[in-house]
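Chains as they are written, first to last, in the numbering used here: chain A, 817 to 933; chain B, 108 to 221. Note that beta-carbon positions come from the ideal geometry of N, C-alpha and C, so glycine has one too. Step one of this worksheet: look at the structure below.
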Amino acid sequence: GAVVSQHPSWVICKSGTSVKIECRSLDFQATTMFWYRQFPKQSLMLMATSNEGSKATYEQGVEKDKFLINHASLTLSTLTVTSAHPEDSSFYICSARDMRAQETEAFFGQGTRLTVV
Amino acid sequence: AQSVTQLDSQVPVFEEAPVELRCNYSSSVSVYLFWYVQYPNQGLQLLLKYLSGSTLVKGINGFEAEFNKSQTSFHLRKPSVHISDTAEYFCAVTVTSGTYKYIFGTGTRLKVLA
Numbered sequence: 817g818a819v820v821s822q823h824p825s826w827v828i829c830k831s832g833t834s835v836k837i838e839c840r841s842l843d844f845q846a847t848t849m850f851w852y853r854q855f856p857k858q859s860l861m862l863m864a865t866s867n868e869g870s871k872a873t874y875e876q877g878v879e880k881d882k883f884l885i886n887h888a889s890l891t892l893s894t895l896t897v898t899s900a901h902p903e904d905s906s907f908y909i910c911s912a913r914d915m916r917a918q919e920t921e922a923f924f925g926q927g928t929r930l931t932v933v
Numbered sequence: 108a109q110s111v112t113q114l115d116s117q118v119p120v121f122e123e124a125p126v127e128l129r130c131n132y133s134s135s136v137s138v139y140l141f142w143y144v145q146y147p148n149q150g151l152q153l154l155l156k157y158l159s160g161s162t163l164v165k166g167i168n169g170f171e172a173e174f175n176k177s178q179t180s181f182h183l184r185k186p187s188v189h190i191s192d193t194a195e196y197f198c199a200v201t202v203t204s205g206t207y208k209y210i211f212g213t214g215t216r217l218k219v220l221a
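Okay, structure coming up:
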């Protein structure tokens with residue numbers, strides 16, 4: 817299957833700083849990428865959907881000024897958590913699919929554990 | 108809108124015993140169905156998927172699932188589990204057109220006991 821690489825796999829940052837998480841599709845063009853957040857022992861909650869070259873579409877209740885998503889190329893999307901606070905600590909997972917290939921499956925990154933102290 | 112229900116939050120089972128993890132979905136339009144496994148602090152690994160055709164789907168690691176349209180279910184089964192199957196299992200749906208965003212169930216923690 818296709819590979820999606822997410823970096824970093826874990827990060828610890830101080831409260832008030834910003835953190836950037838990268839999601840790369842290694843062997844296909846990801847016209848659409850999704851960002852999820854997962855709280856401990858809970859399911860994945862979709863945060864936003866991004867299409868290459870367009871603004872991301874955020875789910876209800878997700879602060880778009882806090883969670884900045886950029887999808888400037890067909891192989892890279894980034895999620896920046898701005899002015900992070902301890903309540904932003906979570907596991908963030910991206911997924912990507914190639915809509916033009918009509919792939920029915922989205923491929924997931926390995927996730928990023930963010931801890932804000 | 109679509110929704111996924113995984114009624115069992117935890118399922119303990121002894122090694123080499125069979126297991127069934129339940130998944131029910133709700134949707135007014137056609138959907139694709141997936142089962143993923145997640146090990147601690149890792150991403151999701153696809154176990155199997157139903158797109159169309161045969162309602163019995165076989166996946167990796169000896170897992171299989173059956174799509175039942177009338178009962179809107181997609182239960183996951185394995186005839187004999189191993190300790191290494193201990194993990195979190197998620198059922199997910201996506202519509203067959205549009206944004207294809209996934210809706211996940213709340214997950215079932217499978218714990219295989221020695």
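Anticipated Cβ contact below 8 Å, residue i with residue j, distance rounded
i, j, result
"A:Asp914", "A:Thr847", "6 Å"
"B:Pro125", "B:Arg184", "7 Å"
"B:Ser116", "B:Ser133", "With a Cβ gap of about 19 Å, B:Ser116 and B:Ser133 do not count as contacting."
"A:Ser899", "A:Gly832", "6 Å"
"B:Tyr139", "B:Thr203", "6 Å"
"A:Glu838", "A:Gln854", "About 18 Å; that fails the 8 Å criterion."
Best match in the options for proximity to residue i [C-alpha to C-alpha]
i, options, result
"A:Ala912", "A:Ser905, A:Asp904, A:Pro902 and A:Phe923", "A:Phe923"
"A:Leu895", "A:Phe883, A:Glu903, A:Ser905 and A:Lys857", "A:Phe883"
"A:Val819", "A:Thr891, A:Phe907 and A:Asp881", "A:Thr891"
"A:Ser852", "A:Val933, A:Gly927, A:Val932 and A:Cys829", "Per the sequence shown, the amino acid found at residue 852 of chain A is Tyr instead of Ser. Answer by Cα proximity: A:Gly927."
"A:Cys910", "A:Asp843, A:Pro824, A:Glu921 and A:Phe850", "A:Phe850"
"B:Gly166", "B:Ser135, B:Trp142 and B:Tyr207", "B:Trp142"
"A:Val835", "A:Pro856, A:Phe844 and A:His901", "A:His901"
"A:Val827", "A:Ala888, A:Tyr908 and A:Glu868", "A:Tyr908"
Rounded straight-line distance, which links the Cα of residue j to that of residue i
i, j, result
"B:Asn131", "A:Met861", "18 Å"
"B:Ser177", "B:Leu163", "14 Å"
"A:Gln876", "A:Arg840", "25 Å"
"B:Gln154", "B:Cys198", "The amino acid at residue 154 of chain B is misidentified as Gln; the sequence shows Leu. Going by the C-alpha atoms only, they are around 10 Å apart."
"B:Ser187", "B:Asn168", "10 Å"
"B:Ala172", "B:Thr215", "15 Å"
"B:Leu220", "B:Glu127", "15 Å"
"B:Leu151", "B:Gln145", "5 Å"
"A:Gln858", "B:Thr213", "6 Å"
"A:His887", "A:Pro856", "27 Å"
"B:Gln113", "B:Arg129", "6 Å"
"A:Met863", "A:Lys871", "14 Å"
"B:Phe181", "B:Ser137", "14 Å"
Start-to-end residues for the beta strand (DSSP E) that takes in residue i
i, result
"A:Gln854", "Thr848 to Gln854"
"B:Val120", "Gln117 to Phe121"
"B:Ser133", "Asn131 to Ser133"
"A:Gln926", "Segment: none, A:Gln926 is in no beta strand (DSSP E) and carries neither H nor E."
"B:Asn168", "Where B:Asn168 is concerned, there is no enclosing beta strand (DSSP E), given that its DSSP letter is neither H nor E."
"A:Lys857", "No beta strand (DSSP E) holds A:Lys857; DSSP gives it neither H nor E."
"B:His189", "B:His189 -> no beta strand (DSSP E), and no H or E assigned at all."
"B:Val138", "Val138 to Gln145"
"A:His901", "Premise fails: A:His901 is in no beta strand (DSSP E) and is neither H nor E."
"A:Glu868", "Unbroken run through A:Glu868: none, as it is neither H nor E."
"B:Lys185", "Ser180 to Lys185"
"A:Phe1011", "Because chain A in this structure spans residues 817 to 933, residue 1011 of chain A falls outside the shown range and cannot be described."
"B:Phe197", "Ala194 to Val202"
"B:Ser159", "Segment: none, B:Ser159 is in no beta strand (DSSP E) and carries neither H nor E."
"A:Ala912", "Ser906 to Arg913"
> Can you list, in chain order, the residues of the region 141-155 of chain B whose Cβ is nearer than 7 Å to any Cβ on chain E?
Replying inline: This model lacks chain E altogether; the protein chains it does include are A and B.
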